[in-house]
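S.K.: There's a structure below that I have some questions on.
There are 2 protein chains.
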Amino acid sequence: MREQQDPSLRGQVFQKIREGILKGQYKEHEELREAAIGEELGVSRTPVREALRQLELEGLVEIIPNKGAYVTGISDKDVQDIYAVRSMLEGLCARWATENITERQLARLEEVIILSEFYSQKLGTDREEQVVLLDGTFHEILYEASNSRILRHVLSDFHKYAQVARKNSLHKNDRVEKSIAEHKAILQAIRDHDADLAEQLANEHIFHAVKNMNIDAG
Amino acid sequence: MREQQDPSLRGQVFQKIREGILKGQYKEHEELREAAIGEELGVSRTPVREALRQLELEGLVEIIPNKGAYVTGISDKDVQDIYAVRSMLEGLCARWATENITERQLARLEEVIILSEFYSQKLGTDREEQVVLLDGTFHEILYEASNSRILRHVLSDFHKYAQVARKNSLHKNDRVEKSIAEHKAILQAIRDHDADLAEQLANEHIFHAVKNMNIDAG
DNA sequence: TTTCGTATAATTGTATACGATTATACACGT
DNA sequence: ACGTGTATAATCGTATACAATTATACGAAA
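Chains as they are written, first to last, in the numbering used here: chain C, 1 to 218; chain H, 1001 to 1218.
Written as structure tokens, this is what we have:
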């Protein structure tokens, strides 16, 4: 999340390698040599090392001491698991958000929904990209509203993981419209201070997302 | 988890700083200067830098680019939140473990329980330490048995966090005995292939732990 | 006195150099 | 031919050197 705007070389290298893994450029079990990557990106080994170690903590890379760094790869089962866990946590997040959300955050959520509807009706190449971005924003606001540093931390982590899955099976059919409708329902439940409903809806929201993926995959 | 046996300087420094934060040696918002720490531990800045960046990913340190590394600290609310999230995930873990556990893992769980009972009846300074260690082992086996790399990853992360809380309010009253009894109940539910019950028990197990903490704190 | 700007110092970011560890190749003996 | 041991090369781990950035001190002007 923060790395997006990290101007340091380490941050840039981190992004590059990450992208490379997610896009399949670096394949599973492939060895990532510090010197080679550094040379390719025109930087020294130092920022590469630091980037690799951060990627390890994110689970995208496995580092064997004194041996090397290897691409971990994410299986279909991993993706399923990610969504199962996220489903629970997003539910909990919605519950806490219901109890702690501010007027300002409510307004921002509404804004995001309105913008989502606008972009979803537009055509063009940036349509999907915009909607995905707004989807991310919607959830980020909820994370913030939960008022829990911890929950926000772990959900942001998963959000990163989830990007992998998104790249693959993204917004087919009328999933976009349905997703927005679900966002609206969640927002309404939060407005009504109905924590139970908000939790359930957020739960199902993620569940539907993964279900949609299954259809694509199968 | 792995860092425990990482013989590299980076791993050692990581441990040292981590311990320093958890024990309150480094206080909240305190600046962690690379050179100072390196000098204190008799190493250069390089491993210190890498350790600090790993600690950032764990949430114990905040790094502001070109400024410095600062101790994040964990509030009482954070601890509460950690246990709330862990409670859910341990429940999910127990459910999946019920579906995937092997005979070997079942046997190991039983071993751990027997050993726990043995040490809990002993007196001495290492009593608590041993029991805590075995508690960790019990849960680690469950994480493994869940057969989910993802769940294991996130739960291990939280386990690290949870250590903070343990240092403070640990095993008062008869919590040790009750905890072991709960472990036994979870194991039995898994043996019976009763995923619902296993999930519920694991859930409550964490809930009881945090409840016990509250009593201590209040 | 306050405020601003500049010079200086301190600290982080990156590059490079060197030592330690591991992988590879090849010769040797069986 | 096969396995083993040693020498060589490749790679990682750490230390050090230098550049970039940020903090601090101090003085001049309002």
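Built from N, CA and C at the ideal position, the CB exists for glycine as well.
Under 9 angstroms between beta-carbons, which chain C residues line up against residue 1059 of chain H? List them in chain order, please.
M.R.: Residue 1059 of chain H sits at position 59 when you count from the first residue of the second sequence. What residue 1059 of chain H touches in chain C: 149, 150 and 153.
S.K.: Under a Cβ-count criterion, where at least 16 other Cβ atoms within 10 Å of its own Cβ denotes burial, should residue 14 of chain C be classed as buried or exposed?
M.R.: For the purposes of this step, residue 14 of chain C is identified with residue 14 of the first sequence, where counting begins at 1. Burial call: buried.
S.K.: Check whether the Cβ atoms of residue 61 of chain C and residue 32 of chain C sit closer than 9 angstroms, and answer yes or no.
M.R.: What you label residue 61 of chain C is simply residue 61 of the first sequence in a count that begins at 1. What you label residue 32 of chain C is simply residue 32 of the first sequence in a count that begins at 1. Their beta carbons are under 9 angstroms apart, which means residue 61 of chain C touches residue 32 of chain C by this criterion.
S.K.: Residues bridged to residue 1119 of chain H by DSSP?
M.R.: Along the second sequence, read from residue 1 onward, the residue named residue 1119 of chain H stands at position 119. Per DSSP, none; premise fails for residue 1119 of chain H.
S.K.: Cβ closer than 9 angstroms: which chain H residues qualify as neighbours of residue 213 of chain C?
M.R.: On the first sequence, position 213 is the one that residue 213 of chain C refers to. Per Cβ cutoff of 9 angstroms: no residues; residue 213 of chain C is ~15 angstroms from chain H at best.
S.K.: Does the beta carbon of residue 84 of chain C sit closer than 9 angstroms to a beta carbon anywhere in chain H?
M.R.: Working through the first sequence from its first residue, we reach residue 84 of chain C at position 84. Closer than 9 angstroms to some Cβ of chain H, the Cβ of residue 84 of chain C qualifies, so yes.
S.K.: Taking residue 1068 of chain H as part of the beta strand (DSSP E), name the residues at either end of that continuous run.
M.R.: In the second sequence, residue 1068 of chain H corresponds to position 68, counting from 1. Per DSSP, residue 1068 of chain H belongs to the beta strand (DSSP E) from 1068–1071.
S.K.: What residues from chain H crowd round residue 92 of chain C, counting only those whose CB sits closer than 8 angstroms?
M.R.: Locating residue 92 of chain C in the first sequence gives position 92, where the first residue counts as 1. Near residue 92 of chain C (Cβ distances below 8 angstroms), the residues of chain H are 1084, 1085 and 1088.
S.K.: Give me whichever residues DSSP pairs with residue 1061 of chain H in a beta bridge.
M.R.: Counting from 1 along the second sequence, the entry for residue 1061 of chain H is found at position 61. Per DSSP, H:1071.
S.K.: Please list the partners that residue 1053 of chain H has in chain C, where partner means a Cβ-to-Cβ separation under 9 angstroms.
M.R.: Translated into positions along the second sequence, residue 1053 of chain H becomes position 53. Near residue 1053 of chain H (Cβ distances below 9 angstroms), the residues of chain C are 10, 50, 53, 54 and 57.
S.K.: Rounding to the nearest angstrom, what Cα-Cα distance links residue 1186 of chain H and residue 193 of chain C in this structure?
M.R.: Mapped onto the second sequence, residue 1186 of chain H falls at position 186. Mapped onto the first sequence, residue 193 of chain C falls at position 193. So the alpha carbons of these two residues sit roughly 35 angstroms apart.
S.K.: Please tell me whether residue 1077 of chain H has its Cβ less than 9 angstroms away from any Cβ of chain C.
M.R.: Residue mapping note: residue 1077 of chain H aligns to position 77 of the second sequence, counting from 1. Cβ-Cβ to chain C under 9 angstroms: yes for residue 1077 of chain H.
S.K.: For residue 1142 of chain H, which residues in the same chain have their Cβ closer than 6 angstroms to its Cβ, ignoring the five residues on either side in sequence?
M.R.: Position 142 of the second sequence, counted from the start, is the residue given in the question as residue 1142 of chain H. Contacts found: 1093 and 1097.
S.K.: In the DSSP assignment, find the alpha helix (DSSP H) that holds residue 78 of chain C and state where it starts and stops.
M.R.: On the first sequence, position 78 is the one that residue 78 of chain C refers to. From DSSP, the alpha helix (DSSP H) with residue 78 of chain C extends over 76–100.
S.K.: Contact criterion: CB-CB distance below 9 angstroms. Does residue 1207 of chain H meet it with respect to chain C?
M.R.: As a first step, residue 1207 of chain H is located in the second sequence; it is residue number 207 there, counting from the start. For residue 1207 of chain H, the answer is no, since every Cβ of chain C falls outside 9 angstroms of its Cβ.
S.K.: Here's the rule: buried if 16 or more other CB atoms are within 10 angstroms of the residue's CB, otherwise exposed. What is residue 29 of chain C?
M.R.: For the purposes of this step, residue 29 of chain C is taken as residue 29 along the first sequence, with counting starting at 1. It is exposed - the Cβ of residue 29 of chain C has fewer than 16 other Cβ atoms within 10 Å.
S.K.: Per DSSP, what are the beta-bridge partners of residue 1032 of chain H in this structure?
M.R.: For this step, residue 1032 of chain H is matched to residue 32 along the second sequence. DSSP output for residue 1032 of chain H lists H:1069 as bridge partner(s).
S.K.: Specify whether the region 106–121 of chain C and the region 61–70 of chain C touch according to this definition: at least 3 beta carbon pairs, one from each stretch, less than 8 angstroms apart.
M.R.: Touching, no, given that fewer than three Cβ pairs across the two stretches are closer than 8 angstroms.
S.K.: Do residue 106 of chain C and residue 175 of chain C have their C-beta atoms closer together than 9 angstroms?
M.R.: The residue given as residue 106 of chain C occupies position 106 in the first sequence. The residue given as residue 175 of chain C occupies position 175 in the first sequence. Taking 9 angstroms as the Cβ cut-off, residue 106 of chain C and residue 175 of chain C do not qualify as a contacting pair.
S.K.: Between which two residues does the alpha helix (DSSP H) carrying residue 25 of chain C extend?
M.R.: Numbered from its first residue, the first sequence carries residue 25 of chain C at position 25. Element bounds for residue 25 of chain C: n/a, residue is neither H nor E.
S.K.: For residue 1201 of chain H and residue 1181 of chain H, what's the separation of their Cα atoms in angstroms?
M.R.: Along the second sequence, read from residue 1 onward, the residue named residue 1201 of chain H stands at position 201. Along the second sequence, read from residue 1 onward, the residue named residue 1181 of chain H stands at position 181. Approximately 11 angstroms between the Cα atoms of the pair.
S.K.: Just to confirm, are residue 210 of chain C and residue 26 of chain C a CB contact at a threshold of 9 angstroms?
M.R.: Numbered from its first residue, the first sequence carries residue 210 of chain C at position 210. Numbered from its first residue, the first sequence carries residue 26 of chain C at position 26. Not closer than 9 angstroms, so no.
S.K.: For residue 1081 of chain H, return the contacting residues in chain C, with the cut-off set at a CB-CB distance below 8 angstroms.
M.R.: Along the second sequence, one-based indexing puts residue 1081 of chain H at 81. Those within 8 angstroms of residue 1081 of chain H in chain C are 148, 149, 150 and 151.
S.K.: First and last residue of the alpha helix (DSSP H) that includes residue 179 of chain C?
M.R.: The residue labelled residue 179 of chain C in the question sits at position 179 within the first sequence. Residue 179 of chain C -> alpha helix (DSSP H) spans 175–191.
S.K.: On a Cα-Cα basis, can you pick out the residue from H:1074, H:1148 and H:1086 that is closest to residue 1100 of chain H?
M.R.: Within the second sequence, numbered from 1, the residue matching residue 1100 of chain H stands at position 100. Looking at the Cα atoms, H:1148 is the closest of the given residues.
S.K.: Does DSSP put residue 1137 of chain H in a helix, a strand or coil?
M.R.: Along the second sequence, read from residue 1 onward, the residue named residue 1137 of chain H stands at position 137. The answer is helix: DSSP assigns residue 1137 of chain H an H, G or I state.
S.K.: Tell me, please, whether the CB atom of residue 1158 of chain H is closer than 9 angstroms to any CB atom in chain C?
M.R.: The residue labelled residue 1158 of chain H in the question sits at position 158 within the second sequence. Yes, because at least one Cβ of chain C sits closer than 9 angstroms to the Cβ of residue 1158 of chain H.
S.K.: Would you tell me roughly how many angstroms separate the C-alpha atoms of residue 1019 of chain H and residue 1055 of chain H, rounded to the nearest one?
M.R.: Start at 1 with the first residue of the second sequence, and residue 1019 of chain H comes out as number 19. Start at 1 with the first residue of the second sequence, and residue 1055 of chain H comes out as number 55. For residue 1019 of chain H and residue 1055 of chain H, the distance between alpha carbons rounds to 11 angstroms.
S.K.: Whole angstroms are fine: how far does the CA of residue 1010 of chain H sit from the CA of residue 144 of chain C?
M.R.: As a working note, residue 144 of chain C is residue 144 in the first sequence. As a working note, residue 1010 of chain H is residue 10 in the second sequence. Approximately 33 angstroms between the Cα atoms of the pair.
S.K.: How is residue 125 of chain C classed by DSSP in three states: helix, strand or coil?
M.R.: Position 125 of the first sequence, counted from the start, is the residue given in the question as residue 125 of chain C. Coil, per DSSP.
S.K.: What does the Cβ neighbour count give for residue 1086 of chain H, buried or exposed, with the cut at 16 atoms within 10 Å?
M.R.: Position 86 of the second sequence, counted from the start, is the residue given in the question as residue 1086 of chain H. Buried is the call here.
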